[in-house]
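Here is the structure we will look at.
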DNA sequence: AACAAAAGTTAGATTAACCTAACATTTATT
DNA sequence: AATAAATGTTAGGTTAATCTAACTTTTGTT
Ligand SMILES: [Mn+2]
Ligand SMILES: [Mn+2]
Ligand SMILES: [Mn+2]
Ligand SMILES: [Mn+2]
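Chains as they are written, first to last, in the numbering used here: chain Y, 1 to 224; chain G, 225 to 448.
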């Protein structure tokens with residue numbers, strides 16, 4: 001394995017962007033324009049960068065074709081994501097940032113270079129498995145178990161989950177969510193499933209229990 | 225007061241270097257070569273940077289003359305120092321980094337841009353007044369109260385003092401300190417000064433007496 | 001004061017990261 | 001298949017931060 005000289009913030013950001021774009025494609029690849037969109041740059045800038053990353057064996061790329069991360073490029077991306085998410089946990093759990101503000105700061109912190117810093121931070125945080133948005137935190141050796149999203153209705157009794165999205169985007173539904181004080185990242189514990197109508201008793205935060213209908217729970221996406 | 229667009233890491237590092245170099249001069253100024261030394265760059269690089277910083281009204285500078293921070297430049301430098309020292313406290317107190325390793329990481333963390341991050345961090349740390357090296361932490365509005373410190377060599381016989389900092393920050397010195405189990409806050413009683421070579425007999429904690437050289441005692445900062 | 005040494009600047013390059021305008025290739029649609 | 005649209009690359013330029021080599025100014029020393 002070739003020795004990798006430290007990458008710049010910029011290179012790390014591109015790898016992270018390529019990772020998240022290619023993860024959501026069947027073929028695990030992405031395109032120049034998509035990357036430009038995601039990184040707020042212009043396509044020519046991306047072309048240059050792709051050539052550079054290809055030279056460093058971080059992506060496989062031929063001009064006019066779609067790009068893929070190499071194994072080594074993917075490992076780098078995952079390490080950056082690991083750092084990003086650990087910092088998000090720190091900001092949220094320790095510094096009490098609200099979940100919608102952690103991202104911007106973590107975007108900077110993720111580039112701090114120190115192995116020791118990250119392993120100590122992880123220990124300090126109690127080896128968390130998910131960030132405040134419910135996304136999984138990769139392990140030090142780069143393993144990432146892609147949490148599969150399920151609907152709240154399918155969570156087991158007694159299990160804890162995190163809200164990661166919704167299936168219904170209509171106003172009444174979103175307003176109801178807001179009324180219940182449920183948003184992305186909300187940690188929910190499923191207390192009981194009522195067999196009669198599929199409604200659920202759940203608890204959030206400081207344990208206030210509420211009851212929600214099956215119809216509602218069918219439209220909330222969570223990860224366990 | 226002119227609105228200041230965010231400075232680059234590099235610019236912040238130069239301002240910090242200029243601050244610390246000029247603080248220790250009678251005339252509160254410093255020179256191109258000194259800055260180059262401190263920042264591990266070459267004099268021409270510094271010349272360029274000084275012109276740029278002068279344009280931004282962060283330093284007063286005329287070519288071939290010595291340079292001084294403006295009020296605004298000093299404020300920026302102090303804020304960077306504030307961030308640096310708060311992060312050092314975090315690394316030392318929360319992540320249990322040893323004394324001699326906090327600096328390198330703080331050197332990176334000090335450039336993270338977020339007012340909110342720093343104020344929350346400060347609160348989380350319990351509003352510390354000194355960093356792990358004993359140096360004072362500037363307040364949010366840029367005040368920095370420097371306690372009078374003397375070197376251990378100048379403490380009178382029979383007097384008691386407290387370690388508040390060091391003059392030498394190199395690894396061998398810091399390691400020797402650790403070996404002697406001397407750190408910030410350590411209470412030291414000066415038992416005897418040997419006229420012959422200026423070496424000192426001191427006692428700490430449970431009264432174990434040890435002898436230290438003048439060279440060593442010249443680099444330990446204390447308050448009586 | 002004269003000259004040598006030290007300190008500091010300018011000139012001219014380089015590299016990374018970006019851009020716009022022009023060109024090339026691939027793909028989609030008559 | 002021909003053409004239009006979309007996508008992607010090259011050419012050529014900019015800015016920040018750095019360097020070496022050559023030059024200039026200031027300072028120190030006979
Ligand atoms: Mn980032
Ligand atoms: Mn996240
Ligand atoms: Mn720094
Ligand atoms: Mn310090």
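By construction, the Cβ of each residue, glycine as well, lies at the ideal position given by its N, Cα and C atoms.
Cβ-Cβ separation, residue j to residue i (assumed contact under 8 Å), whole Å
i                      : j                      : result
residue 112 of chain Y : residue 221 of chain Y : Residue 112 of chain Y to residue 221 of chain Y, Cβ: 32 Å. No contact.
residue 278 of chain G : residue 267 of chain G : No, residue 278 of chain G and residue 267 of chain G are not in contact; Cβ-Cβ is about 16 Å, not under 8 Å.
residue 290 of chain G : residue 263 of chain G : No, residue 290 of chain G and residue 263 of chain G are not in contact; Cβ-Cβ is about 16 Å, not under 8 Å.
residue 224 of chain Y : residue 159 of chain Y : 6 Å
residue 89 of chain Y  : residue 131 of chain Y : 6 Å
residue 401 of chain G : residue 414 of chain G : That belief does not hold up - the Cβ atoms of residue 401 of chain G and residue 414 of chain G are roughly 17 Å apart, past 8 Å.
residue 165 of chain Y : residue 133 of chain Y : With a Cβ gap of about 10 Å, residue 165 of chain Y and residue 133 of chain Y do not count as contacting.
residue 308 of chain G : residue 334 of chain G : 4 Å
residue 442 of chain G : residue 377 of chain G : 5 Å
residue 292 of chain G : residue 321 of chain G : Actually they are not in contact, since the Cβ atoms of residue 292 of chain G and residue 321 of chain G sit about 35 Å apart, beyond 8 Å.
residue 256 of chain G : residue 274 of chain G : 7 Å
residue 140 of chain Y : residue 119 of chain Y : 7 Å
residue 180 of chain Y : residue 137 of chain Y : With 8 Å as the limit, residue 180 of chain Y and residue 137 of chain Y do not qualify as a contact, their Cβ atoms being about 27 Å apart.
residue 265 of chain G : residue 283 of chain G : About 16 Å; that fails the 8 Å criterion.
residue 300 of chain G : residue 231 of chain G : 7 Å
residue 286 of chain Y : residue 157 of chain Y : One cannot answer for residue 286 of chain Y here, as it falls past the ends of chain Y, which runs 1 to 224.
residue 161 of chain Y : residue 182 of chain Y : In fact, because the Cβ distance is near 12 Å, the residues do not count as touching under 8 Å.
residue 368 of chain G : residue 302 of chain G : 6 Å
Residue i - DSSP class collapsed to helix/strand/coil
i                      : result
residue 389 of chain G : strand
residue 201 of chain Y : strand
residue 211 of chain Y : strand
residue 141 of chain Y : coil
residue 184 of chain Y : coil
residue 112 of chain Y : coil
residue 129 of chain Y : coil
residue 98 of chain Y  : coil
Segment limits, alpha helix (DSSP H) that includes residue i
i                      : result
residue 72 of chain Y  : 71-89
residue 415 of chain G : Careful: residue 415 of chain G lies outside any alpha helix (DSSP H), inside the beta strand (DSSP E) at 411-417.
residue 180 of chain Y : 171-180
residue 263 of chain G : 256-263
residue 235 of chain G : 233-247
Continuous beta strand (DSSP E) stretch holding residue i: start and end
i                      : result
residue 329 of chain G : Where residue 329 of chain G is concerned, there is no enclosing beta strand (DSSP E), although the alpha helix (DSSP H) it sits in stretches over 326-333.
residue 45 of chain Y  : Counting along the chain, residue 45 of chain Y falls outside any beta strand (DSSP E), though it belongs to the alpha helix (DSSP H) covering 43-55.
residue 447 of chain G : 444-447
Exercise. Anything with a beta carbon under 5 Å from a heavy atom of ligand 1 counts; list them all in chain order.
Key: Y:13 and Y:107
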